[in-house]
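These notes are about the structure you will find just below.
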Amino acid sequence: MMETNAKRTGLIGLFTIYISFGLYQNPSYLYGLTRSASAQQRSNVKDRSPHKVLAGKSRSKPESCYSSDTEPYFNRWKLRFSPPHSNCTSTGKYLFFKHIRKAGGTTLRSYFNDVFLYHGKPRGMKEYGRSRRRPSEPDAVYFVEQEFSTMDYKCPIIDPRWNNSLRIITLRHPIERHISEFFFSGPGHQFPIKRDQLYVNQTYTKELSEFLEENVPAWMERDGGKEGMVGKFNMLFGRFYVDNFQLRALAGCSSRECLEEKNFTDENILKYIQNFHPSVKSYATPVPKCTNFIQVQRTTNLLEMCSKMQKDDCSNGCDGPCFYPSVAWGEMKTKDIERAFEALKAYDVVLLMETFDEEDQSAWLSDVMGVPRDANFALHKKHASNSVVQKSNKREKTHFYR
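Once you know that position 397 of the sequence shown is 403 in my numbering, the rest is easy, because the numbers rise by one and skip nothing.
Here is the structure:
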């Protein structure tokens, strides 16, 4: 059944993206320590690639303080968040986390909280209260987590906030991710046996098999990922089935050309997108109270008032890279896969959830974040958070539902 569903919903395209960006496994890409000094000096060269925006005008690529092609990976936290070079204009400093649902996001959030504390830049309730009283924090590093909306694939080129951010994303095998969502917030949460007994002797029980056969197809046919998405932005990916989920999360469109290609010509939608587009709206000044904070007492909880305020100070939503409307509705094609690749290449860190507990990936992430590899909060030491299905061995962590 799972193989048939994968073919029917186009998940093979997602799997292509998933397996193609396990970049941490390549040591030269991983550490970047062989970069020459001259290459690092070239990191300040300006890139003036034009981008066709909604209004039909061309816009220069925002000036970047660093180049991901030449900047060493070791302690990139310090390199990225140090005072900008004289030829750069700071637009705030952000740790941007593209949270793919059911791909280890809550575990990463807890890890990021520890990283902030290690660097003496907590992002807890106290900081949230202070942010509502102060317009800016000169030395702050803001945390922004994007989970329920799509990312414009051109964001790295047109959003000035991207250049002063450390950008991280986690991917997961698409079938595993979908069925995890099914058990977490879909009909699967009603399954009558204990979650730590779903997998018995490395095979499905008859009871579980019958339950999946009856409920998964019906769950997939609901309109959450089809017509129900059109016209929605901030809650594009809710707690329901959405086909090509990871692809849609990274292949959003905001230019008129791209939108017309997808047959989205509704003038009200176009106007709404244009009002918040970086080509029209300035995002040069950070709005601290409209960033995300982590409840230190329970680091699985995210304080994200900015995504819930409709008529308050954060009526435009959260402040951070790529937090402006873009479209990922409708049929997804090969060109959308190419767009998702383009977006992924701009990230500093691309992690695989299935290998969270492996020391190699954990050590590399520690190096990037400028924290000790043997810290008690290192990724490979983190216990899975927000997980309702327990996995007891390596195979279950990668092939639990297949």
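We put the beta carbon where it would ideally sit given N, CA and C, even for glycine.
Extent of the continuous beta strand (DSSP E) run through residue i
i: arginine 173; result: 171–177
i: tyrosine 247; result: Here tyrosine 247 belongs to no beta strand (DSSP E), and DSSP marks it neither H nor E.
i: glutamine 280; result: Premise fails: glutamine 280 lies in the alpha helix (DSSP H), 273–282, not in any beta strand (DSSP E).
Per-residue burial, residue i [other beta carbons within 10 Å of its own, 16 or more giving buried]
i: lysine 127; result: buried
i: valine 111; result: For clarity, residue 111 is glycine in the given sequence; the question names valine instead. By the 10 Å Cβ count, glycine 111 comes out buried.
i: serine 88; result: exposed
i: aspartate 53; result: A caution first: aspartate 53 carries a pLDDT of 33, below 50, which makes its placement in the model too unreliable to give a value.
i: serine 288; result: exposed
i: lysine 341; result: exposed
i: asparagine 169; result: buried
i: threonine 271; result: exposed
i: arginine 140; result: exposed
i: alanine 109; result: buried
i: glycine 135; result: exposed
i: histidine 195; result: exposed
i: alanine 290; result: exposed
i: proline 378; result: exposed
i: serine 215; result: exposed
i: alanine 257; result: buried
i: histidine 389; result: exposed
i: glutamate 219; result: exposed
i: serine 142; result: exposed
i: lysine 99; result: buried
i: lysine 104; result: buried
i: proline 292; result: buried
i: arginine 167; result: buried
i: arginine 82; result: buried
i: arginine 401; result: exposed
i: valine 286; result: exposed
i: aspartate 325; result: buried
Residue from the options whose Cα sits closest to the Cα of residue i
i: isoleucine 163; options: Leu371, Asn221 and Cys328; result: Cys328
i: aspartate 249; options: Ile185, Arg140, Thr113 and Glu151; result: Ile185
i: phenylalanine 188; options: Tyr134, Glu227, Leu309 and Leu256; result: Glu227
i: serine 321; options: Phe217, Lys295 and Asn399; result: Lys295
i: alanine 146; options: Ala255, Ile175, Ser137 and Asn81; result: Ser137
i: leucine 410; options: Asn170, Arg167, His389 and Ala255; result: Since the first and last residues shown for the chain are 7 and 408, residue 410 lies out of range.
i: aspartate 165; options: Phe102, Asn399 and Asp319; result: Phe102
i: tyrosine 148; options: Leu177, Phe118 and Asp158; result: Phe118
i: glycine 336; options: Val293, Glu266 and Ile175; result: Glu266
i: arginine 262; options: Leu253, Gln252 and Gln280; result: Gln280
i: glutamate 153; options: Ile174, Ser142, Glu133 and Pro144; result: Ile174
i: proline 78; options: Leu172, Ala257, Ser142 and Pro180; result: Leu172
i: glutamine 367; options: His386, Ala381, Tyr353 and Ala352; result: His386
i: asparagine 399; options: Thr361, Tyr100, Val356 and Asn382; result: Thr361
i: tyrosine 159; options: Val333, Lys339 and Val356; result: Val333
i: asparagine 274; options: Gly326, Pro331 and Asn298; result: Pro331
i: cysteine 161; options: Cys312, Ile106 and Pro284; result: Pro284
i: tyrosine 247; options: Pro180, Asp319, Ile343 and Ser372; result: Pro180
i: glutamate 151; options: Lys84, Ala369 and Phe299; result: Phe299
i: arginine 107; options: Phe197, Asp380, Gly376 and Met359; result: Met359
i: threonine 156; options: Val121, Ser260, Leu357 and Glu310; result: Ser260
i: glycine 323; options: Glu344, Ser372, Asp354 and Thr297; result: Thr297
i: valine 355; options: Asp380, Asp319 and Trp370; result: Trp370
i: arginine 311; options: Glu348, Met131, Leu357 and Asn221; result: According to the sequence shown, residue 311 is methionine rather than arginine. With distances taken between Cα atoms, methionine 311 lies closest to Met131.
i: glutamine 252; options: Ser372, Tyr353, Phe217 and Arg183; result: Arg183
i: alanine 381; options: Arg86, His125 and Leu85; result: His125
Identified DSSP bridge partners for residue i
i: aspartate 158; result: Gly258
i: leucine 114; result: None, per the DSSP bridge assignment.
i: glutamate 151; result: Phe103
i: phenylalanine 299; result: Leu309
i: valine 356; result: Ile175
i: valine 333; result: Cys259
Element boundaries [alpha helix (DSSP H), containing residue i]
i: phenylalanine 190; result: 180–191
i: leucine 85; result: 82–87
i: phenylalanine 362; result: Per DSSP, phenylalanine 362 belongs to no alpha helix (DSSP H) and is neither H nor E.
i: proline 223; result: 212–227
i: glycine 135; result: 131–137
i: threonine 340; result: 340–351
Distance cut-off 7 Å: residue i Cβ against heavy atoms of the ligand GTP
i: cysteine 328; result: With respect to the ligand GTP, the structure shown offers nothing to examine, as it has no ligands at all.
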